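First comes the structure, then the notes that go with it.
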Amino acid sequence: MQKLVELKSCVETIENDTTKFYSNGNKAAGTRARKHLQELKQLAQELRVAIQETKAHRLQTDDSSSVPQHLQPHQLPPQQHMMAPQHHPQMMAPHDVSFVGYE
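In UniProt numbering, the protein residues as written are 1 to 103.
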């Protein structure tokens with residue numbers, strides 16, 4: 001949860017600096033905003049990794065045999081690709097076959 005607090009703080013700082021940059025034309029605030037955006041990117045990645053590790057750890061510690069069969073994930077058959085409907089030439093309106101710009 002500490003990463004989330006850092007993330008929120010970083011967003012607030014970015015908001016202040018971008019306001020100064022766009023409203024007042026403060027170039028230094030724009031530089032600071034870009035720096036904090038880079039930090040935000042790093043913090044977000046660290047949070048993503050932490051969430052994924054926690055998720056993987058939970059899956060490893062769960063005992064799937066204690067879950068009833070009807071609640072366990074099952075393998076679904078692969079989906080077939082849906083083909084686009086074919087247009088019948090007689091069903092097309094005259095404006096569908098005209099070429100704009102060609103005479």
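The beta carbon of each residue, even a glycine, is placed where N, CA and C say it ideally should be.
Quick caveat: nothing in here was measured; it's all calculated off a predicted structure.
inquiry  = Let me confirm a value: alanine 44 is counted as buried when at least 16 other C-beta atoms fall within 10 Å, else exposed. Which label applies?
reply    = exposed
inquiry  = By the three-class DSSP mapping on this structure, what secondary structure does valine 67 have?
reply    = Because valine 67 carries a pLDDT of 49, less than 50, the predicted location of this residue cannot be relied on, and the following value inherits that uncertainty. Correct three-state label for valine 67: coil.
task = Please report the residue range of the alpha helix (DSSP H) in which glycine 30 lies.
result = 27 to 61
task = Specify the secondary structure class of histidine 81 as computed by DSSP and reduced to three states.
result = The predicted position of histidine 81 is uncertain, since its pLDDT is 48 and thus under 50; no value can be drawn from it.
task = In angstroms with no decimal places, state the Cα-to-Cα distance between threonine 31 and glutamate 6.
result = 20 Å
ask   = Considering only C-alpha positions, which residue in the set Ile51, Lys8, Asp17 is nearest to alanine 28?
value = Asp17
inquiry  = Rounded to whole angstroms, what is the Cα-Cα separation between methionine 49 and alanine 56?
reply    = Before going on, a small fix: residue 49 reads as valine here, not methionine. Cα to Cα, valine 49 sits roughly 10 Å from alanine 56.
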